[in-house]
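In mature numbering (1 follows the signal peptide of the UniProt record, and there is no 0), the protein residues as written are -24 to -1, 1 to 219.
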């Protein structure tokens, strides 16, 4: 039984303010906030903000009717009534190129999914069981609106019981909900953050020891080099593990 089928949550993005607004929508899905594990400790602070996302998660039957290929971009734009020169069209081109790129070295399996059902199928296939559950970041504010503010790390708890095999699914920019999913061996933690306005966040956090000289090296220049690189998990992302 897939226990997370009933888990339906509002969509939020976790964004760090140092990312230029012109490209922030293309950074959110990787967690935005990158830091060395040595910098994650009770009392450390980061400037963060949460913002709503309007992307809709389509049922698989509906999503499968819409082409999802760079070769079909004119058809996609026409089907979704999106002008060719618009930011939404740029998101489509960007995401399709990323989804069709060569597999990341060292990642056993990766794909992009256009529905929650497809996400579950990919996770279950790679975890070898239908008995799986999803972990995610949670925000305690009912209105899901917070200002840019300082958040202090209150506690860090290793996620016990998560096996070596895990499947990560990150939201990518698209007119409707699309997720980039891949297997991962990252160490997982649940970090409690406290905002200056009293907001509490339980944020799933991944720390990668097998950092390759590609994405992370381009995004983080802090010392010490070679230390595990961590990132918080955007709200709509899911981390799938065996029950």
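Think of the CB as a built atom: it goes at the ideal place given N, C-alpha and C, for glycine as much as any other residue. Predicted model only: the values in this text are computed from it and were never measured.
query: Contact between the stretch 205 to 213 and the stretch 91 to 103 is defined here as three or more beta-carbon pairs at a separation below 8 Å; is this criterion met?; result: no
query: Specify, as a first and last residue, the run of the alpha helix (DSSP H) that residue 95 falls within.; result: 92 to 103
query: Check whether the Cβ atoms of residue 71 and residue 165 sit closer than 8 Å, and answer yes or no.; result: no
query: For residue 102, which residues from the same chain have a beta carbon less than 8 Å from its beta carbon, with the 5 sequence-adjacent residues on both sides left out?; result: 84, 85, 141, 143 and 159
query: Identify, in the order they occur along the chain, each residue of the same chain with its Cβ nearer than 6 Å to the Cβ of residue 58, setting aside the five sequence neighbours on each side.; result: 64 and 65
query: Could you name the residues of the same chain whose beta carbon sits closer than 8 Å to that of residue 40, not counting the 5 residues immediately before and after it, in chain order?; result: 90 and 91
query: What is the residue span of the beta strand (DSSP E) that residue 129 lies within?; result: 125 to 134
query: Would you list the one or two residues that DSSP bridges to residue 57?; result: Its beta-bridge partners do not exist; DSSP assigns none.
query: Suppose you measure from the CA of residue 123 to the CA of residue 176; what does that come to, to the nearest Å?; result: 13 Å
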